[in-house]
Amino acid sequence: MSALLELKDITIRFGGLVAVDGISLEVKEGNVVALIGPNGAGKSTVFNVVTGIYTPTSGKVLFRGEDITKLKPYAITDRGIARTFQNIRLFKNLSVLENVKIGCHCRGRAGIFGALCRYSGVRGEEKAFVDKSLEAMGVVDLTGKKEELAKNLSYGEQRRLEIARALASEPVLLLLDEPAAGMNPQEKQTLMQMVQRISGMGITVFLVEHDMKFVMSLSDRVNVLDYGRKIASGTPSEVQRDTTVIAAYLGKEVV
Ligand SMILES: Nc1ncnc2c1ncn2[C@@H]1O[C@H](COP(=O)(O)OP(=O)(O)O)[C@@H](O)[C@H]1O
Ligand SMILES: [Mg+2]
């Protein structure tokens, strides 16, 4: 299978700090690919580059062969890349359904306000948004909570709601930044099944996560960062056996 996403020699400096130092990697279509490494290794910065929040100091990001390095975030979303953030970003006082509808806006003519507006001239589009949102909510088992305010959901449900919002933009590639952070084992188990479901829908998944059981059981390939550098990449079992990785990160967590 061909590479859906390619990072070519990406470097990002913030003043004197080199947050990402010459990283190249590939995410193949249909795969679940993980990016792991200690806190501060540069993982979220890589996601911020892929989604157009940061422009790298040097290097290129290719998506389906197209150079997207300098595109604005909305243009990148428009091409089929969606994400969740490390810290939950929801509209706490909007309902679950309204939060997910916001994710639809990039596919519609009405824009973000139209997505929330029930009585302008965008009724046909509104119906399509609702249908799409319900479908996305179904993937993460939140359909039954559509009228709940986001703030009343459990922590695990809020994280799933973010995934539903990302799915509502109909991504080809979904980036998940520490989706299992703060979840209890039961919630992690549920989330793992949902990521498998998303992958089964044909969506390519690029994942940052610290929970090694989660990473190793879901991923086709794992890339390891340390101090902004890629120190290893391979299948989960290859990476788990890599002595550099064990020294830098895995320690005794994974045997
Ligand atoms: N906007 C920014 N300005 C300055 N430094 C930043 C910025 N974003 C990230 N960094 C720094 O870059 C490094 C990598 O951060 P990050 O990508 O968030 O790490 P990770 O997600 O692997 O924990 C850290 O030292 C962090 O403080
Ligand atoms: Mg991070």
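Numbering (this note's numbering), first residue to last: 1084 to 1338. Just so you know, even glycine gets a beta-carbon here, dropped at the ideal spot from N, CA and C. Values in this document were obtained by computation on a predicted structure and should not be read as measured data.
Beta-carbon contacts of residue i that lie in its chain and below 8 angstroms, excluding the five residues immediately before and after
i, result
"T1140", "T1094, I1095, R1096"
"T1226", "L1217, M1220"
"N1306", "L1108, V1116, A1117, L1118, I1119, K1313, A1315, S1316"
"G1285", "G1113"
DSSP state of residue i mapped onto helix, strand, coil
i, result
"R1166", "strand"
"R1324", "helix"
"I1171", "coil"
"D1104", "strand"
"K1153", "coil"
"G1317", "strand"
"Y1202", "Because Y1202 sits at a pLDDT of 49, beneath the cut-off of 50, its placement in the model cannot be relied upon, and the point is left open."
"A1249", "helix"
"D1092", "strand"
"A1264", "coil"
"R1243", "helix"
"K1143", "strand"
"E1209", "helix"
"E1218", "helix"
"D1161", "helix"
"S1302", "coil"
"S1237", "coil"
Distance, residue j Cα to residue i Cα
i, j, result
"P1121", "A1331", "8 angstroms"
"A1264", "E1149", "32 angstroms"
"D1260", "K1228", "24 angstroms"
"Y1310", "E1181", "39 angstroms"
"A1249", "T1287", "13 angstroms"
"S1107", "N1131", "15 angstroms"
"S1127", "R1172", "15 angstroms"
"R1166", "M1266", "19 angstroms"
"A1247", "V1116", "20 angstroms"
"G1241", "T1138", "With the sequence shown as reference, residue 1241 is identified as Gln, and Gly is not the correct amino acid for it. Rounded to whole angstroms, Q1241 to T1138 spans 29 angstroms at the Cα level."
"Q1276", "F1297", "10 angstroms"
"I1164", "I1329", "31 angstroms"
"L1274", "L1301", "11 angstroms"
"R1162", "L1145", "12 angstroms"
Neighbourhood of residue i by C-beta distance below 6 angstroms, restricted to the same chain and skipping five residues each side
i, result
"R1312", "D1104"
"E1231", "V1179"
"K1175", "A1233, K1234"
"G1123", "none"
Cut-off 7 angstroms between Cβ atoms - residues of its own chain near residue i, not counting five sequence neighbours on either side
i, result
"T1347", "A query on residue 1347 cannot be resolved here, the shown segment of the chain reaching from 1084 to 1338 and no further."
"E1270", "G1239"
"I1136", "P1156"
"K1143", "K1091, D1150, T1152"
"N1114", "T1287, D1303, R1304"
"Y1202", "Residue placement at Y1202 is flagged as unreliable, the pLDDT there being 49, under the threshold of 50; the coordinate-derived value follows with that caveat. Nothing meets the Cβ criterion."
"E1089", "E1109, L1145"
Residue i at chain D interface by Cβ criterion, 7 angstroms
i, result
"I1281", "No chain D appears in this structure, which consists of one protein chain only."
Item checked: Residues passing the C-beta test against ligand 1 heavy atoms, cut-off 6 angstroms -> F1097, L1100, A1102, G1120, N1122, G1123, A1124, G1125, K1126, S1127, T1128
Margin query: Under 8 angstroms: do the stretch 1280 to 1298 and the stretch 1251 to 1258 share three or more Cβ pairs, one atom per stretch?
Written below: yes
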